[in-house]
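Letter 1 of the sequence shown, counting from 1, is numbered 1 in the UniProt record's numbering, and no numbers are missing. Take a look at the structure below.
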Amino acid sequence: MTERFIHNVPVRWSDMDAYGHVNNARFLTLYEEARVAMFFIGAREHGLGSFEEGIVIARHEIDYLRPIDYGDPVRVEMWVSEQRAASFTVAYEMFDNDVLASRARSVCVPYNLANGHPRRLSEAERDFLRPYLEVTP
1 MTERFIHNVP
11 VRWSDMDAYG
21 HVNNARFLTL
31 YEEARVAMFF
41 IGAREHGLGS
51 FEEGIVIARH
61 EIDYLRPIDY
71 GDPVRVEMWV
81 SEQRAASFTV
91 AYEMFDNDVL
101 ASRARSVCVP
111 YNLANGHPRR
121 LSEAERDFLR
131 PYLEVTP
C-alpha cells in the first residue's frame, strides 16, 4: 500500500475570488505549499536536504471537482505516481471538510540551481520517495 504525505494548508482571505470561493489559480498555491512541506520538512525529517537545493516543475494539471470556501484549512494528500531517472510525478488530492474538492499532478525535475541544469535523482532521494511510490498491479 502506498503511503501518503498529508499536510494541512490554511485558506487565506486573499485566496478568495469575486464569487466567494478559492480562485482556481490559488489551488496551485495550496498544492505548492503542501509539496514544499513534503520536500523541505518531510525530507529533512528523513535526513535529506538535497531537494532544498532545487526542484523545478515541468508540468501541472488540475481537476476541479467542487468549490472551496474560506474557512478551515484544506487537507492535501500526496504520493508519487511515477518515478523516472531525472523526474517524478507528485499526485495530490485536496479535501475540504473531508470532501474531495480537487485532484492534481505535478511533474517535478530535480534541478541544480547553481549550475542551471536538471539532474538525476540520487539514491537517497529515491529512498525517501519509495514509500510514497504508487504501486500499480
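Ideal Cβ positions, reconstructed from N, Cα and C, are used throughout, including at glycine.
Nearest neighbour of Glu32, chosen from His60, Arg126 and Thr2 [CA to CA]: His60
Go ahead and label His117 buried or exposed: buried means 16 or more other beta carbons lie within 10 angstroms of its beta carbon, across all protein chains shown. exposed
Relative to the C-alpha of Ala86, which residue among Trp13, Ile55 and Val9 is closest? Ile55
Under a Cβ-count criterion, where at least 16 other Cβ atoms within 10 Å of its own Cβ denotes burial, should Arg84 be classed as buried or exposed? exposed
Alpha carbons only, please: which of Asn24, Asn115, Phe88 and Ala114 is nearest the one belonging to Arg130? Phe88
Tell whether a beta-carbon distance below 8 angstroms holds between Ile68 and Asp96. yes
In whole angstroms, what separates the C-alpha of Asp127 from that of His21? 38 angstroms
By alpha-carbon positions, which one of Thr2, Val80 and His7 ends up nearest to Pro73? His7
Can you tell me whether Ser14 is buried or exposed, with buried defined as 16 or more other CB within 10 angstroms of its CB? exposed
In terms of residue numbering, what span does the alpha helix (DSSP H) encompassing Leu129 cover? Glu123 to Leu129
Pick from Ala114, Glu93 and Tyr111 that is closest to Ala34, judged by C-alpha positions: Glu93
Whole-angstrom C-beta distance between Ser81 and Glu134, which should lie under 8 angstroms: 5 angstroms
Could you tell me if Val99 is buried or exposed, where buried requires 16 or more neighbouring beta carbons within 10 angstroms of its beta carbon? exposed
Within this structure, are the beta carbons of Val107 and Ala58 separated by less than 8 angstroms? yes
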